[in-house]
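Below is one structure, written out as structure tokens, with a few remarks after it.
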């Protein structure tokens, strides 16, 4: 009894340690712009009761890939969290930890290796930053691992229930994302091919059925629009060689050597992580790739000597390994065909191959070799994250955007860093406004710097974070702040907003944004972490655990499925919950039920399933027991994760950005009647000096005033006609100054 209690406590401690990097990234507000794009759509959709179908340059509406938006809606309506909190909740760390534990335990039957891999998954930074929170990869990678769990069982026992569940997982994955279903298709094609070769060579009976991969292929290529509308046109039109060379130079060679190995285009920049972090990534890749490459070489050599392809697929482990190698190569070639470098699958699936290879080759002391490789991988991952985390800087957050979402007109087009645009559009979505996006490529960048005109309907929102930002084709551009003085000299632009974080420019011929009358920020009630904790725990359990759990319990009662360990059952419950919640989401979204009843309908269906489960057990004279003993530690793990997330979220939301906002609007579009605003968002009272200069006139004092925190100064200049040289305004506050100008 004491040993079992110790084992449970060890698992809880291991999971908690694996969550720490995700908590840290959440605390410093590291976020992905595509999460913000999607959540902005959700913010617009809930009030109108259906997913908004608009398309922008940042995010298109795709009927076949609404799964993630519907999942976000389910979590939001169940938890009642502010939507900008949801953008940063580290939910991916929880999902990732369970998925690695379940599959490693399934493959190796070693609890020690499972716990080591949980820590690796939580600390390996190159993949962690793209799946620690609500990112697409957090869900699709988990669904793919869930498919691998089923695939492992299917290779040994090709039962109908495994085929049906694999179809469920594939359809769910397809409803979330367009790339991961292709992994599943390649996996099934490779596995079926090897099984067919083995059955024909060894005359094991009827050949394996191809109905499952054909189902996946037909479904994907019948309904997926991304493949036809994006991938194929890019492959045909883009100069893949040039883009690929730049990607290799910027992402692989350059960071390792800390220098640019090729001449990049104007305004482009190589982004390099800390040298030791890059070296740790290289070491981890060597730990991944060398054993797998050696295994492939040995297997191919043996097959060549025996003149038998059948020897490549002698065991379930062989087929599993070859299938994943085939998928990894296919993914890398697919991305390289239109000029991108993507080795995303290597750190995701090669750790599982490391568990199989030593015993597959029948090496002496294979178990010791496997443990040494796993521990080496863990040490390298932890060391790399510590080095990488020290160099991280926060991404833009809502409080730094100030009143920009309210000032700019609805349906405006913003040229900005993708993260800045994402935060602004998310805040605007809460106000039932939306903005289109203009990718700031090198040509548009050069136009601003060299004095060329900007499109009349575009606002350039330039941040002052002094960090490169991403543009199309995964390239990085130099920080806006580097060229801000030259941009301010562009005689065809007017600056209508300035703060310590952002400057907003518009075409000089464009009318000023219309005055909104009031720019006082709405005060929010203080958040208590206990309420936040309860709300988050309820959402995770109702949305990500109980739906799939109800399905699994029914399958177990009917004798179709059996799970040996509770962690695997919990992980697979989360995988099936994604499909369940997505199906309910499509039901409420495309019927009169509507998104506002999403949480209620989901809860009612889950309740019905549990009632059916109780009835079945009662009819078989079996007592109802839920949760089982093994699930107690699992719910403690979830509760610990929710506690950490709640404390971090409340702490982060309490720390608002300090800034002064200086902007100009006009009271009517028919005449030039500017109104100047100054908002004090500092924590203390501030004294300001406002001066102005029109044309070639000398600078004159306009006002001197003091503002308390949250107070707004408003000054109407009256109606007048702009003169040559425009209107220049300066705002001074101690050692800082902000400026506006109209031309």
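Numbering (the numbering used here), first residue to last: -11 to 731. Glycine is no exception: its CB is placed at the ideal position from the N, C-alpha and C atoms. As the structure is a prediction and not an experimental result, all values here were calculated from the model.
Cβ-Cβ separation, residue j to residue i (assumed contact under 8 Å), whole Å
i	j	result
residue 775	residue 566	Only positions -11 to 731 of the chain appear in the structure, and residue 775 is not among them; the question remains open.
residue 720	residue 665	So it is not a contact: roughly 16 Å between Cβ atoms.
residue 586	residue 576	5 Å
residue 573	residue 61	7 Å
Residue nearest to residue i in terms of C-alpha spacing, selected from the options
i	options	result
residue 120	402, 16 and 58	16
residue 259	204, 374, 442 and 379	379
residue 130	641, 562, 729 and 609	562
residue 537	368, 311, 371 and 591	591
residue 330	315, 164 and 441	315
residue 93	551, 51, 627 and 625	551
residue 275	343, 497 and 542	343
residue 449	485, 421, 14 and 367	485
residue 280	632, 492, 337 and 182	337
residue 663	669, 656 and 652	652
residue 594	571, 578, 609 and 608	571
residue 78	626, 656, 688 and 689	626
residue 490	442, 452 and 501	452
residue 692	682, 722, 698 and 683	722
residue 68	516, 524, 19 and 431	524
residue 555	404, 149 and 86	86
Between the CA atoms of residue j and residue i - distance to the nearest angstrom
i	j	result
residue 438	residue 4	52 Å
residue 727	residue -1	56 Å
residue 559	residue 166	23 Å
residue 522	residue 65	14 Å
residue 679	residue 54	51 Å
residue 59	residue 300	41 Å
residue 265	residue 373	7 Å
residue 63	residue 355	42 Å
residue 98	residue 216	44 Å
residue 400	residue 95	53 Å
residue 541	residue 323	40 Å
residue 154	residue 107	27 Å
residue 183	residue 35	51 Å
residue 557	residue 433	52 Å
residue 729	residue 715	5 Å
residue 732	residue 474	The structure shown does not extend to residue 732, since the chain is modelled only from -11 to 731, so the question has no answer here.
residue 520	residue 75	15 Å
residue 660	residue 492	19 Å
residue 100	residue 539	29 Å
residue 703	residue 505	12 Å
residue 633	residue 517	10 Å
Within 8 Å, strictly: CB atoms of residue i and residue j
i	j	result
residue 90	residue 6	no
residue 38	residue 582	yes
residue 286	residue 349	yes
residue 31	residue 414	yes
residue 421	residue 384	no
residue 671	residue 700	no
residue 118	residue 125	yes
residue 332	residue 381	no
residue 459	residue 424	no
residue 220	residue 162	no
residue 82	residue 462	no
residue 172	residue 209	no
residue 174	residue 304	no
residue 272	residue 335	yes
residue 116	residue 262	no
residue 644	residue 387	yes
residue 468	residue 45	no
Exposure label - residue i; buried when at least 16 CB within 10 Å
i	result
residue 649	buried
residue 686	exposed
residue 360	exposed
residue 694	exposed
residue 102	buried
residue 186	buried
residue 725	exposed
residue 137	buried
residue 176	buried
residue 601	buried
residue 227	In this predicted model, residue 227 has a pLDDT of only 48, less than 50, meaning its place in the structure is not dependable; the value taken from the coordinates is given anyway. The residue in question, residue 227, is exposed, as its Cβ has fewer than 16 Cβ neighbours within 10 Å.
residue 72	buried
residue 253	exposed
residue 669	buried
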